[in-house]
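In what follows, a single structure is set out as structure tokens and then discussed.
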Amino acid sequence: MTTVSRTFTVDAPPGTVVPYLADFGNAEQWDPGTESCTRNDSGPVAVGANWHNTSKIAGITTELTYTLEQLAQDRIVLVGRNDTATSTETIEITPSGAGSTITYTNDLEFKGAAKLAAPLGKVVFEKLGNDTEKQMTEVLNGLPR
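Encoded structure:
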């Protein structure tokens with residue numbers, strides 16, 4: 001399993017950050033690897049909501065179905081699955097002054113022959129973690145409060 005984690009502070013308070021990040025359709029704005037992310041169902045964003053995500057990482061395009069598996073005022077867990085990988089994105093949000101401290105962790109488990117790419121994937125995903133932290137910080141700092 002490949003794990004990448006970043007902790008950083010943003011200007012937006014948890015009450016703004018949680019609903020924004022829970023709607024994984026917004027990943028197009030904050031995740032540098034996401035090319036498109038479309039909701040598969042309708043209604044309020046709640047546990048069980050799911051999205052079709054197309055990402056391009058290191059020149060490789062992949063499609064996963066992400067499901068919102070946990071949603072609380074301080075924790076979001078989204079799990080993306082396809083035949084070759086499971087990506088678990090855990091986002092913890094705590095108040096920090098007028099803003100929030102975010103801990104973003106992505107656990108990526110490769111399946112089958114894709115396991116052979118795991119060591120190389122760690123290098124790629126560390127860079128992606130840095131890029132995600134930067135882009136997510138910019139986007140969250142720009143949200144209306």
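Quick note on my numbering: the sequence shown kicks off at 1 and runs consecutively.
Even for Gly, the Cβ is constructed at its ideal location relative to N, Cα and C.
Kindly provide the ranges of any beta strand (DSSP E) runs that are 3 or more residues long and lie completely inside the stretch 56 to 83, ordered along the chain. 60 to 72, 75 to 81
Using a 10 Å radius around the Cβ and a threshold of 16 neighbouring Cβ atoms, would you call N53 buried or exposed? buried
Counting only runs of 3+ residues fully inside the stretch 2 to 27, write out the beta strand (DSSP E) ranges in chain order. Listed in chain order, they are 2 to 10.
Can you tell me whether I146 is buried or exposed, with buried defined as 16 or more other CB within 10 angstroms of its CB? Look at the range of the chain in this structure, 1 to 145, and you will see that residue 146 is not part of it.
Whole-angstrom C-beta distance between I76 and V18, which should lie under 8 Å: 7 Å
Have a look at V10 and A85 and give me their C-alpha separation to the nearest angstrom. 30 Å
Which two residues bound the contiguous beta strand (DSSP E) that contains N106? That run of the beta strand (DSSP E) goes 99 to 110.
Compare the C-alpha of S42 against each of Q29, E35, F24 and name the closest. Nearest of Q29, E35, F24 to S42, Cα basis: F24.
With burial defined as no fewer than 16 other Cβ atoms inside 10 Å of the residue's Cβ, what is the status of E89: buried or exposed? buried
Output the distance between the C-alpha atoms of N50 and Q73, rounded to the nearest integer angstrom. 19 Å
Taking N82 and T62 to be in contact with their CB atoms under 8 Å, please state how far apart those CB atoms are, rounded to whole angstroms. 7 Å
Bounding residues of the beta strand (DSSP E) (the contiguous stretch that carries A46): First-last for A46: undefined, no H or E at that position.
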